[in-house]
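Asker:
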Amino acid sequence: MLPSVSSYINPRSFRMLQPAGFCQSSISTSLGTLVYYTAKAASAKVTNGEAAPLPSPGPDLSDHRPTLVFLHGFGGGSSAYEWSHVYPAFVPEYQVLAPDLIGWGRSQHLARSYQIQDYVTTIVEFIEKVCGTATMVVASSLTAALMVRIAVARPELVKAMFLVAPAGLADFGRPYRNFFSQLVSLPVLDRLIYDTMIATRLGIRNFLETKQFARANRVSQEMVDAYLASAQQPGADYSAISFVRGDLCFDLAAYIPQLTVPTAVLWGKQAQFTSAELGQQLADLNPRAIQIFTLLDDVGLTPQLELPAVTTGLIYDALARLTQC
915 MLPSVSSYIN
925 PRSFRMLQPA
935 GFCQSSISTS
945 LGTLVYYTAK
955 AASAKVTNGE
965 AAPLPSPGPD
975 LSDHRPTLVF
985 LHGFGGGSSA
995 YEWSHVYPAF
1005 VPEYQVLAPD
1015 LIGWGRSQHL
1025 ARSYQIQDYV
1035 TTIVEFIEKV
1045 CGTATMVVAS
1055 SLTAALMVRI
1065 AVARPELVKA
1075 MFLVAPAGLA
1085 DFGRPYRNFF
1095 SQLVSLPVLD
1105 RLIYDTMIAT
1115 RLGIRNFLET
1125 KQFARANRVS
1135 QEMVDAYLAS
1145 AQQPGADYSA
1155 ISFVRGDLCF
1165 DLAAYIPQLT
1175 VPTAVLWGKQ
1185 AQFTSAELGQ
1195 QLADLNPRAI
1205 QIFTLLDDVG
1215 LTPQLELPAV
1225 TTGLIYDALA
1235 RLTQC
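Sequential numbering from 915 applies to the sequence shown in the numbering used here.
#1: From the DSSP output, in three-state form, read off A1203 for me.
#2: Considering M1137, what are the terminal residues of the beta strand (DSSP E) in which it resides?
#3: Considering only residues of the same chain and omitting the five flanking positions on each side of S970, which have a CB-CB separation below 7 Å?
#4: By DSSP's criteria, F1164 is part of a beta bridge. Which residues make up the other side?
#5: Which ranges would you report for the alpha helix (DSSP H) in the region 1102-1138 if only whole runs of at least 4 residues count?
#6: For L1056 versus F988, is the C-beta spacing smaller than 7 Å?
#7: I'd like the list of long-range same chain contacts for F1127, defined as Cβ closer than 7 Å, with 5 residues on each side in sequence excluded.
#8: Does DSSP put Q1009 in a helix, in a strand, or in coil?
#9: Tell me the DSSP secondary structure of A1178 in three-state form.
#10: Is it the case that the Cβ atoms of E1123 and A1130 are separated by a distance below 7 Å?
#11: Which residues mark the beginning and the end of the beta strand (DSSP E) in which Q938 is found?
#12: Looking at A1223: is its Cβ nearer than 7 Å to the Cβ of F1207?
#13: Are three or more beta carbon pairs between the region 1006-1018 and the region 1034-1045 nearer than 8 Å?
#14: For V1044, does the three-state DSSP call read helix, strand or coil?
#15: Roughly how many angstroms lie between the CA atoms of D1212 and L1180, to the nearest whole one?
#16: May I ask which residues mark the beginning and end of the alpha helix (DSSP H) holding V1312?
#17: Could you tell me whether the Cβ atoms of T1188 and A1053 are closer together than 7 Å?
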């Protein structure tokens, strides 16, 4: 039997994952408990500095603000923290929801190899159970690519999307496999690599500074601590290894032509792994749905962490344009 979510949580380590004024809630999905953050219930009780889970996960029907969901990407130590410097700015206009996906952050960690369908299923369940109606979604990286698949299969769930560097990592038939992914495909060695190279303070800082950000001096100690807190949760290695091994990769180019949901795409010009040229290629597959493509200079894979104020402005502007009709 899987342990409860509460058994994973170290309140001090996780404090930075929950912005001031936000509460923690959770829902049960077919794969376990999924935790999310929202500002819609500011009166939730707080005990020992931690917000108690809210009794009702559904939308506040008396609140006429549209819902806006922020979905983080994948990688060692990923969580909703990735968007925490951005989503508080949307509270005046939207009911903001920011989940930790299954296997990441405070959500339940499963001792299994994760597959694409695991995340498609649980994201759909989250939207159905918590949003209750067609919602707007902001997502990044591979999760953004998964949102394209969801929007194609279930367009009635999604009103508009703002996607940061959406890539399936096997796009246009290009193989994902690389030397590092082959190493983590080996039993025992995969956990050793995770414990000694990924889920460490030095490993996380090095990745953020050299691979994820365009400028190393933008990486703060808070960012390193937040990623480390998530990466060191019991069972966090399963989701991270599944991602690095390539179990969650697919060809996004096969899905974009089928997209009908109004979409904006933001791409960091200095993004590694997924080039700006790839972003333009993907956007060109369906200009009718992908109505806005913005190439942002001097940022890497996560502009929401590198330049949160700029990213916030771009999201506000894009959502207004995408929903004006």
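A virtual CB, placed ideally from N, CA and C, is assigned to each residue, including glycine.
Answerer: Let me spell this out:
#1: Coil, per DSSP.
#2: From DSSP, M1137 is part of no beta strand (DSSP E) but of the alpha helix (DSSP H) over Q1135 to A1145.
#3: Low per-residue confidence applies at S970: pLDDT is 48, beneath 50, and the placement is therefore not dependable, though the value from the model is reported in the following sentence. Contacts found: none.
#4: L1083
#5: 1103-1107 and 1115-1121
#6: Contact: yes.
#7: Excluding positions up to five away in sequence, the list reads V1133, G1214 and E1220.
#8: strand
#9: strand
#10: yes
#11: C937 to T943
#12: no
#13: yes
#14: It is helical.
#15: 13 Å
#16: The chain is shown from 915 up to 1239; residue 1312 falls before or after that span and cannot be answered.
#17: no
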